[in-house]
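K.L.:
My questions will all concern the structure given below.
There are 2 protein chains.
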Amino acid sequence: MREVAILGVGMHPFGRYLDKSLTDLAHVAIWNALKDANVSAKDVQVAYLGNSIGGLITGQEGIRAQTVLGPNGFGGIPMVNVENACASASTAFRGVWLEIASGLYDMGLAVGVEKMHLEDKARTISALISVSQLELSKLGMQFVGEGAMRCKRYMRRYGATKEDLALVAVKNSYNGSLNPYAFHRKPYTHEEILKSPLMADPLHLFMTSSIADGAAAAILCAKETLKRYETKHPITVAGCALSSGRCRESDPLDTDEESTITLTAKVAYRQAGMEPKDIDVAEVHDAMSPIELISTEDLGFCGKGEAVQYLKKGKTQISGDIPINTSGGLCARGHPVGATGIAQIAEIVWQLRGEAGPRQVEDAKVGMCEDSGGVLFNGDNAAFTNIILKR
Amino acid sequence: MREVAILGVGMHPFGRYLDKSLTDLAHVAIWNALKDANVSAKDVQVAYLGNSIGGLITGQEGIRAQTVLGPNGFGGIPMVNVENACASASTAFRGVWLEIASGLYDMGLAVGVEKMHLEDKARTISALISVSQLELSKLGMQFVGEGAMRCKRYMRRYGATKEDLALVAVKNSYNGSLNPYAFHRKPYTHEEILKSPLMADPLHLFMTSSIADGAAAAILCAKETLKRYETKHPITVAGCALSSGRCRESDPLDTDEESTITLTAKVAYRQAGMEPKDIDVAEVHDAMSPIELISTEDLGFCGKGEAVQYLKKGKTQISGDIPINTSGGLCARGHPVGATGIAQIAEIVWQLRGEAGPRQVEDAKVGMCEDSGGVLFNGDNAAFTNIILKR
Numbered sequence: 174m175r176e177v178a179i180l181g182v183g184m185h186p187f188g189r190y191l192d193k194s195l196t197d198l199a200h201v202a203i204w205n206a207l208k209d210a211n212v213s214a215k216d217v218q219v220a221y222l223g224n225s226i227g228g229l230i231t232g233q234e235g236i237r238a239q240t241v242l243g244p245n246g247f248g249g250i251p252m253v254n255v256e257n258a259c260a261s262a263s264t265a266f267r268g269v270w271l272e273i274a275s276g277l278y279d280m281g282l283a284v285g286v287e288k289m290h291l292e293d294k295a296r297t298i299s300a301l302i303s304v305s306q307l308e309l310s311k312l313g314m315q316f317v318g319e320g321a322m323r324c325k326r327y328m329r330r331y332g333a334t335k336e337d338l339a340l341v342a343v344k345n346s347y348n349g350s351l352n353p354y355a356f357h358r359k360p361y362t363h364e365e366i367l368k369s370p371l372m373a374d375p376l377h378l379f380m381t382s383s384i385a386d387g388a389a390a391a392i393l394c395a396k397e398t399l400k401r402y403e404t405k406h407p408i409t410v411a412g413c414a415l416s417s418g419r420c421r422e423s424d425p426l427d428t429d430e431e432s433t434i435t436l437t438a439k440v441a442y443r444q445a446g447m448e449p450k451d452i453d454v455a456e457v458h459d460a461m462s463p464i465e466l467i468s469t470e471d472l473g474f475c476g477k478g479e480a481v482q483y484l485k486k487g488k489t490q491i492s493g494d495i496p497i498n499t500s501g502g503l504c505a506r507g508h509p510v511g512a513t514g515i516a517q518i519a520e521i522v523w524q525l526r527g528e529a530g531p532r533q534v535e536d537a538k539v540g541m542c543e544d545s546g547g548v549l550f551n552g553d554n555a556a557f558t559n560i561i562l563k564r
Numbered sequence: 174m175r176e177v178a179i180l181g182v183g184m185h186p187f188g189r190y191l192d193k194s195l196t197d198l199a200h201v202a203i204w205n206a207l208k209d210a211n212v213s214a215k216d217v218q219v220a221y222l223g224n225s226i227g228g229l230i231t232g233q234e235g236i237r238a239q240t241v242l243g244p245n246g247f248g249g250i251p252m253v254n255v256e257n258a259c260a261s262a263s264t265a266f267r268g269v270w271l272e273i274a275s276g277l278y279d280m281g282l283a284v285g286v287e288k289m290h291l292e293d294k295a296r297t298i299s300a301l302i303s304v305s306q307l308e309l310s311k312l313g314m315q316f317v318g319e320g321a322m323r324c325k326r327y328m329r330r331y332g333a334t335k336e337d338l339a340l341v342a343v344k345n346s347y348n349g350s351l352n353p354y355a356f357h358r359k360p361y362t363h364e365e366i367l368k369s370p371l372m373a374d375p376l377h378l379f380m381t382s383s384i385a386d387g388a389a390a391a392i393l394c395a396k397e398t399l400k401r402y403e404t405k406h407p408i409t410v411a412g413c414a415l416s417s418g419r420c421r422e423s424d425p426l427d428t429d430e431e432s433t434i435t436l437t438a439k440v441a442y443r444q445a446g447m448e449p450k451d452i453d454v455a456e457v458h459d460a461m462s463p464i465e466l467i468s469t470e471d472l473g474f475c476g477k478g479e480a481v482q483y484l485k486k487g488k489t490q491i492s493g494d495i496p497i498n499t500s501g502g503l504c505a506r507g508h509p510v511g512a513t514g515i516a517q518i519a520e521i522v523w524q525l526r527g528e529a530g531p532r533q534v535e536d537a538k539v540g541m542c543e544d545s546g547g548v549l550f551n552g553d554n555a556a557f558t559n560i561i562l563k564r
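One line per chain: the protein sequences are X and Z, in this order. Residues 174 to 564 (this note's numbering) are what the first sequence spells out, left to right. Residues 174 to 564 (this note's numbering) are what the second sequence spells out, left to right.
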């Protein structure tokens, strides 16, 4: 397989845009990415679009890639609509990576886009529930409840407290305050977080990701064709792994079994010929901010049960050993479900290029994006991606 | 890229199964395919699921691959949910083909499944409308109306009559009567077809595909690994093309411009190193049966405006030069949107293996599957696939 490079990335700032359609949101991200890559729409040979709840929200099912990309200047090329809940965009990214790595095409576009804000919030919540396994949703379980149960398991096993868990949001809300693409740009104090409304114990409002509208896009090309383009800093895709939830009898937090996040990361590490110590910066899927602690351990950045101490020592802050969620993560940046995966990639690309401004990690050479989406009846997530990028 | 073979195919008969879920329908197709391939679920390393309107019909969005495949014995492997309207299943097939052709995996499963029959038919119709561009649906245009307009264009340009157009359904309903997987197994006379209710002139009921429940699955593997398996007749994927509708100012039926079906076929012909005369049998996307005439021309099997004469001479019947829709096509087999693409592939695999029973085409060596899905505002379809298989 051929090496694949990211030529450009672009985003539409995440936020609340009642008047904007999926096409409007994607437009800004796509054209920012094309400009960043210094190529034009006609150079793009294949496109994947990740979106999760647009069918229920906009009424347009089945052909959202074509209806969103057509008015944006694309047509007559292979287009694939992919869904994988919160990992939809990263799955779209992987699809384009594979089209190019295989040798079939030289340049492709991956877009993630989501429209969530409506006048009628109940419709959005109802759509969100539909990306967890229906049997689970019917029990009244949704993402916050499931995340809270996972946090409780972690607290029980390792003796962490709610106060410990809230520290993640302190770090990430600060990071988000430095990110012009983030929805929520206010750094919260520990006290403010613990005084925000309780959603599902131990999760308070500021420890949960918010619904958001937004889009993110990436232009990929075969590394061997790079000389054709006048680009600034191509970033190489070193590992690109996808997996799915497993049939299991117990939660890895209750046993010593490896989690699916760990198993997926191992595939990416193997593809990249790397190990955890090689990662300089990481974006992880903290739909509920304390979940970042579990991911920090599952990705191998610290030992089991050590993530709270690791965080307290500042190891995961921007100036730390392995800065995590420098973008602010899902809680500060906002979480337009089908766009998040490529927003993570954009953040890592900017970090590896040294373009992350006030949140720049010093001399970052290798970065990781970890994504998990949907919840299965047995509590495992449905879709997992792990993407390692290097400069 | 590596050569990819189809090891096995399986279907759930298309029809009306009010009590069956997506998982139930897929189960039969998947396990028939595994049995046909003589491999087990644990041999499968990657899976794609194509489905189009399951989100609106079942309430399960985002992770249908995982929720359908999990209870069927799959987990912890890469799973991708793809949509491309009526070309969803063929897009899923192409995804698995690419995973294997690229060298990433050796064996994969592609499934197409759709559940359409509900007590409340209005819900199904409303869901179906959502896979054409919303702006078009809002004008009251849906598939039958759009197909009728295309037929009218063809009639105007080439002087064909409604009586001519009805002949396709005579042939295909006969073919379907020989297919145990077909929903409608009654051969209709020319008179019966023209006396069936008028849907949208010139289309009568028996010239349109019906909603249906069903599933189809295929097991693919790297051809170089074939010796590991005890298979009967591996079929090789010679060409596998995907494209999307284009921005255009006029319909190719009004000009001499090549249609997107032609352009997509050219990609597949080039990949296969073949031309139209090399094709021995073809399944084409006749959601409205007369559209088969246009496809017959656009795929290069006969000249422009010649398809009616070609059909009348029996060239496209089972004993003809290039038998088309030996399965009965979409009108006789039924059209569970997200399953149709792989049902076409199953039919061609059976034909190339000599397993098609009473509808067997003599000594078929090469077959083609042509699929088009969704309708864009400008009248072009949204997604196009063209897959060439050889024995």
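Virtual Cβ for every residue (Gly too), placed ideally from N, Cα, C. Computed from a predicted structure; not experimentally measured.
Short check: CB of LEU525/Z to CB of ALA537/Z, under 7 Å?
P.N.:
For the 7 Å CB-CB criterion, LEU525/Z and ALA537/Z form a contact.
K.L.:
Look at ALA385/X and GLY511/X and say whether their C-beta atoms are less than 7 Å apart.
P.N.:
no
K.L.:
Please report the straight-line C-alpha distance between THR513/X and HIS185/X, rounded to a whole angstrom.
P.N.:
11 Å
K.L.:
Give the residues of chain Z in contact with VAL286/X, contact being defined as C-beta atoms less than 9 Å apart.
P.N.:
Identification of chain Z residues near VAL286/X by a Cβ-Cβ cut-off of 9 Å yields none; the smallest Cβ-Cβ distance measures about 14 Å.
K.L.:
Mind checking which residues open and close the beta strand (DSSP E) that includes ILE179/Z?
P.N.:
177-188
K.L.:
Is there a C-beta anywhere in chain X that falls below 7 Å from the one on LEU207/Z?
P.N.:
Not one beta carbon of chain X lies nearer than 7 Å to the beta carbon of LEU207/Z.
K.L.:
Closest by CA to SER225/Z, which one among PHE557/Z, LYS563/Z and GLY547/Z?
P.N.:
GLY547/Z
K.L.:
Confirm, please, whether the CB-CB distance from ALA389/Z to ALA529/Z is below 7 Å.
P.N.:
By the CB criterion at 7 Å, ALA529/Z and ALA389/Z fall outside the cutoff.
K.L.:
For ARG564/X and chain Z, any beta-carbon pair shorter than 7 Å?
P.N.:
no
K.L.:
Which residues, in chain order, does the segment 519-535 of chain X contribute to contact with chain Z at a C-beta distance below 7 Å?
P.N.:
none
K.L.:
As an exercise, report each continuous beta strand (DSSP E) stretch of at least 3 residues that is fully enclosed by the segment 344-419 of chain Z, in chain order.
P.N.:
Segments of the beta strand (DSSP E) lying fully in the segment 344-419 of chain Z: 371-373, 386-395 and 408-417.
K.L.:
For chain X, check one thing: does any of its Cβ atoms lie closer than 7 Å to the Cβ of GLY227/Z?
P.N.:
no
K.L.:
Under a CB-based cut-off of 7 Å, is ASN352/X close to chain Z?
P.N.:
no
K.L.:
Between which two residues does the beta strand (DSSP E) containing ALA265/X stretch?
P.N.:
Here ALA265/X belongs to no beta strand (DSSP E); instead the alpha helix (DSSP H) covers 261-274.
K.L.:
Kindly indicate if chain Z contains any beta-carbon less than 7 Å away from that of GLY232/X.
P.N.:
yes
K.L.:
From the beta carbon of GLU166/X, is the nearest beta carbon of chain Z less than 7 Å away?
P.N.:
This structure cannot speak to residue 166/X, because chain X is shown only from 174 to 564.
K.L.:
At a CB distance below 7 Å, what residues from the segment 547-559 of chain X approach chain Z? Give them in sequence order.
P.N.:
Residues passing the 7 Å Cβ filter: GLY547, LEU549, ALA555 and ALA556.
K.L.:
Measure the C-alpha to C-alpha separation of VAL255/Z and TYR221/X and round it to an integer number of angstroms.
P.N.:
10 Å
K.L.:
Over what stretch of residues does the alpha helix (DSSP H) that includes LYS563/X continue unbroken?
P.N.:
It is not in any alpha helix (DSSP H) - LYS563/X instead sits in the beta strand (DSSP E) that spans 554-563.
K.L.:
Can you tell me the Cβ-Cβ gap for LYS396/X and THR409/X, rounded? I've got them flagged as a contact below 8 Å.
P.N.:
Rounded to whole angstroms, the Cβ separation of LYS396/X and THR409/X is 6 Å, and the two are in contact under 8 Å.
K.L.:
Closer than 8 Å between beta carbons: that is the criterion. Which residues of the segment 287-304 of chain Z meet it against chain X?
P.N.:
ALA300, SER303 and VAL304
K.L.:
For the beta strand (DSSP E) that contains CYS542/Z, what are its first and last residues?
P.N.:
Element bounds for CYS542/Z: 539-548.
K.L.:
Any idea if THR469/X is buried or exposed, counting beta-carbon neighbours within 10 angstroms, 16 or more meaning buried?
P.N.:
buried
K.L.:
Out of curiosity, what's the CA-to-CA distance linking GLY412/X and GLY268/Z?
P.N.:
19 Å
K.L.:
According to DSSP, is ASN257/Z helix, strand or coil?
P.N.:
coil
K.L.:
Please classify GLY188/X: is it buried, with 16 or more other beta-carbons within 10 angstroms of its beta-carbon, or exposed?
P.N.:
buried
K.L.:
Do SER416/X and ASP471/X have their CB atoms nearer than 7 Å?
P.N.:
no
K.L.:
For LEU567/Z, report the span of its beta strand (DSSP E) as first-last.
P.N.:
With chain Z running from 174 to 564 in the structure shown, residue 567/Z is simply not present.
K.L.:
Please report the straight-line C-alpha distance between ARG175/Z and TYR278/Z, rounded to a whole angstrom.
P.N.:
11 Å
K.L.:
Short of 7 Å Cβ to Cβ, which residues in the segment 243-267 of chain Z face chain X?
P.N.:
GLY243, GLY248, GLY249, ILE250, PRO251, MET252, VAL253, ASN254, VAL255, GLU256, ASN257, ALA258 and THR264
K.L.:
Excluding five sequence neighbours on each side, which residues of the same chain lie with their C-beta closer than 6 Å to the C-beta of THR558/X?
P.N.:
ALA260, SER263, LEU415 and ASP544
K.L.:
Any beta-carbon of chain Z closer than 7 Å to the one on THR635/X?
P.N.:
The displayed coordinates of chain X run from 174 to 564. Any statement about residue 635/X would go beyond what the structure contains.
K.L.:
Please report how far the alpha carbon of LEU207/X lies from the alpha carbon of VAL177/X, in whole angstroms.
P.N.:
The C-alpha of VAL177/X is placed about 17 Å away from the C-alpha of LEU207/X.
K.L.:
Run through chain X and tell me which residues come within less than 8 Å of ALA395/Z, C-beta to C-beta.
P.N.:
Residues of chain X passing the Cβ test: none, with the nearest at roughly 13 Å.
K.L.:
Do three or more CB pairs link the segment 317-331 of chain Z to the segment 367-375 of chain Z at distances below 8 Å?
P.N.:
yes
K.L.:
With DSSP run on the structure shown, which of helix, strand or coil describes GLU535/X?
P.N.:
coil
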